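Peer 1: So the sequence shown is numbered by this note's numbering: it starts at 1162 and just counts up by one. Here a beta-carbon is modelled for each residue, glycine too, at the ideal position from N, C-alpha and C. Since this is a predicted model, take the numbers as computed values, not measurements.
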Amino acid sequence: MKYPLRGVIPPMVTPLLENLQLDVESLEKLIMHLLNGGVHGIFLLGTNGEGPSLDYEVRKQLITESCRIIAGRVPVLVGITDTSFSAVIEMAEHAKKEGADYLVLAPPYYFPISQSEMVEYLEKIIPQVELPVIVYDIPVCTKLHLSLETIKSAKEMGAFGVKDSSGDLGALYTLIDAFKNEQFSIIAGAELFMSDVLMHGGHGVVAGGANIFPKLFVELYEASINKDFDSITLLRQQVLQLQNEIYEIDDSPTKSIRAIKSALSLMDICSDHMVPPLSGFCPEKKKILEQRLKQFAI
């Protein structure tokens, strides 16, 4: 694989029909929206994609259809995190068969585990899978904030990089410093950290908001790597507006995920059907969202 994995990689939402089966027509529309926005990769079955909630057959179909539509134009990352060890391996094998490029793996999210148990878990998985693995640190969902030592162990086993969604900028800087002379991709999961991470030696961002405004994040990425501070200031203000006005309509812990899918429905890209317990916005909040989206000059 080409090192490092770089750029803006949206954690793509999963377009669903009312019966919660995959909406293939909307999937193609969404993928083209992202590709036309200039994104550098697409991440399937992440948090914004409702990966852990989807039926296994829907997950497999999403991988198959997405790889078909993308057709090698950008790298495809597939989330394989699960509470079932055999399901992790099965999804990894399916992703390989269908032409995906990377696997993304977080700690299993039901039983609390220690750092040493996570290392043992990775020792069982990484040698079994054929695609490069990106370890995923998202403690709000998994109960475990991966330590630097655990991530170093993952690299020694062959992991290709880390996606850090810990929300801890200091930890991100520590990762960048620890791997600055090594072939290991550092990908931020927090949109507001994007410029800081890139200008300090990180490689990319998995930005949920890029589902809605891919060009905004691509332009911010380019401004950041070129250290165009005037453009960074203007573009970061738009990202902050997205955070404050679009993601804050609701008070749910999953408000940003719901807002992103509801926004895409208002843009006529896909429906806002979501797998319970998540749901799209009620009509009143959707109207507020519609009004706020119109304020973006993007």
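1) Could you compute how far the alpha carbon of residue 1340 sits from the alpha carbon of residue 1448?
2) So, do the region 1252-1265 and the region 1223-1234 have three or more beta carbon pairs nearer to each other than 8 Å?
3) To the nearest angstrom, report how far apart residue 1253 and residue 1264 are at their CA atoms.
4) From the DSSP output, in three-state form, read off residue 1309 for me.
5) Of the residues 1235, 1207, 1164, 1218, which one's Cα is nearest the Cα of residue 1196?
6) Between the alpha carbons of residue 1215 and residue 1368, how many angstroms are there, rounded?
7) Leaving out the 5 sequence neighbours to the left and right, which residues in its chain are closer than 7 Å to residue 1300 when beta-carbon positions are compared?
8) Which whole-angstrom value describes the C-beta separation of residue 1426 and residue 1432, a residue pair presumed to lie in contact below a C-beta threshold of 8 Å?
9) According to DSSP, is residue 1212 part of a helix, a strand, or is it coil?
10) Kindly indicate which three-state DSSP category residue 1288 falls into: helix, strand or coil?
11) Per DSSP, what kind of secondary structure is residue 1297 in: helix, strand or coil?
12) So which of 1293, 1273, 1208 has the shortest CA-CA distance to residue 1344?
13) Please classify residue 1164 as buried or exposed, where buried requires at least 16 other C-beta atoms within 10 Å of its C-beta.
14) Spatial neighbours of residue 1323 within its chain, please: CB distance less than 8 Å, with the 5 preceding and 5 following residues excluded, ordered by chain position.
15) For residue 1447, which three-state DSSP category applies?
16) CB-CB under 8 Å to residue 1178, same chain, minus the five flanking residues each way: which ones, in chain order?
17) Would residue 1275 be called buried (16 or more neighbouring beta carbons within 10 Å of its own) or exposed?
18) Within this structure, are the beta carbons of residue 1359 and residue 1385 separated by less than 8 Å?
19) As a quick exercise: from 1430, 1419, 1372, 1446, pick the residue whose alpha carbon is nearest that of residue 1438.
20) Tell me the DSSP secondary structure of residue 1369 in three-state form.
21) Considering Cα atoms alone, identify which of 1352, 1284, 1452 is closest to residue 1330.
22) What does DSSP give as the partner residues of residue 1168 in its beta bridges?
23) Would you say residue 1194 and residue 1167 are within 8 Å of each other, going by their C-beta atoms?
24) Hey, would you say residue 1204 sits closer than 8 Å to residue 1233, going by beta carbons?
25) What's the call for residue 1382, buried or exposed, on a 16-neighbour Cβ count within 10 Å?
26) In angstroms with no decimal places, state the Cα-to-Cα distance between residue 1290 and residue 1317.
Peer 2: So, to answer that:
1) The residue labelled residue 1340 in the question sits at position 179 within the sequence shown. The residue labelled residue 1448 in the question sits at position 287 within the sequence shown. Rounded to the nearest angstrom, the two C-alpha atoms are 46 Å apart.
2) yes
3) As a working note, residue 1253 is residue 92 in the sequence shown. As a working note, residue 1264 is residue 103 in the sequence shown. Pairing residue 1253 with residue 1264, the inter-Cα distance amounts to about 7 Å.
4) Here residue 1309 refers to the residue found at position 148 of the sequence shown. Residue 1309 falls in the helix class under three-state DSSP.
5) Working through the sequence shown from its first residue, we reach residue 1196 at position 35. When the alpha-carbon of residue 1196 is set against those of 1235, 1207, 1164, 1218, the nearest one is in 1235.
6) As a position in the sequence shown, residue 1215 is number 54, starting the count at 1. As a position in the sequence shown, residue 1368 is number 207, starting the count at 1. For residue 1215 and residue 1368, the distance between alpha carbons rounds to 21 Å.
7) Numbered from 1 along the sequence shown, position 139 holds the residue referred to as residue 1300. Cβ neighbours of residue 1300 beyond the five flanking positions: 1306, 1327.
8) Position 265 of the sequence shown, counted from the start, is the residue given in the question as residue 1426. Position 271 of the sequence shown, counted from the start, is the residue given in the question as residue 1432. Residue 1432 and residue 1426 do touch by the CB rule: their CB atoms are close to 5 Å apart, below 8 Å.
9) Taking the sequence shown and counting its residues from 1, one reaches residue 1212 at position 51. It is helical.
10) Numbered from its first residue, the sequence shown carries residue 1288 at position 127. Residue state, collapsed to three classes: helix.
11) Mapped onto the sequence shown, residue 1297 falls at position 136. Strand, per DSSP.
12) Sequence index remark: in the sequence shown, residue 1344 carries index 183 (1-based). Nearest option by C-alpha distance: 1293.
13) Here residue 1164 is taken as the residue at index 3 of the sequence shown, counted from 1. So residue 1164 counts as exposed.
14) Counting from 1 along the sequence shown, the entry for residue 1323 is found at position 162. Excluding residues within five positions, the ones whose Cβ falls inside 8 Å are 1295, 1296, 1297, 1298, 1307, 1312, 1315, 1336, 1345, 1346, 1347, 1348.
15) In the sequence shown, counting from the first residue as 1, residue 1447 sits at position 286. If DSSP states are grouped into helix, strand and coil, residue 1447 belongs with the helices.
16) As a working note, residue 1178 is residue 17 in the sequence shown. 1184, 1432, 1434.
17) Position 114 of the sequence shown, counting from 1, holds the residue named residue 1275. Exposed, since its Cβ has fewer than 16 Cβ neighbours within 10 Å.
18) Reading the sequence shown from its first residue, position 198 is the one you call residue 1359. Reading the sequence shown from its first residue, position 224 is the one you call residue 1385. Yes, the pair counts as a contact, with Cβ atoms nearer than the cut-off.
19) To locate residue 1438, count along the sequence shown from 1; it is residue 277. Nearest of 1430, 1419, 1372, 1446 to residue 1438, Cα basis: 1419.
20) Reading the sequence shown from its first residue, position 208 is the one you call residue 1369. Of the three classes helix, strand and coil, the one that applies to residue 1369 here is helix, per DSSP.
21) Walking along the sequence shown from the start, residue 1330 turns up at place 169. If we check each option's Cα against that of residue 1330, 1352 comes out closest.
22) Indexing the sequence shown from 1 puts residue 1168 at position 7. Beta-bridge pairing links residue 1168 to 1365.
23) Position 33 of the sequence shown, counted from the start, is the residue given in the question as residue 1194. Position 6 of the sequence shown, counted from the start, is the residue given in the question as residue 1167. Not closer than 8 Å, so no.
24) Residue numbering aside, residue 1204 sits at position 43 when the sequence shown is read from its first letter. Residue numbering aside, residue 1233 sits at position 72 when the sequence shown is read from its first letter. No, Cβ-Cβ distance for residue 1204 and residue 1233 is not below 8 Å.
25) Taking the sequence shown and counting its residues from 1, the one referred to as residue 1382 is at position 221. Answer is buried; the Cβ neighbour count reaches 16.
26) Taking the sequence shown and counting its residues from 1, one reaches residue 1290 at position 129. Taking the sequence shown and counting its residues from 1, one reaches residue 1317 at position 156. Computed Cα separation, rounded: 15 Å.
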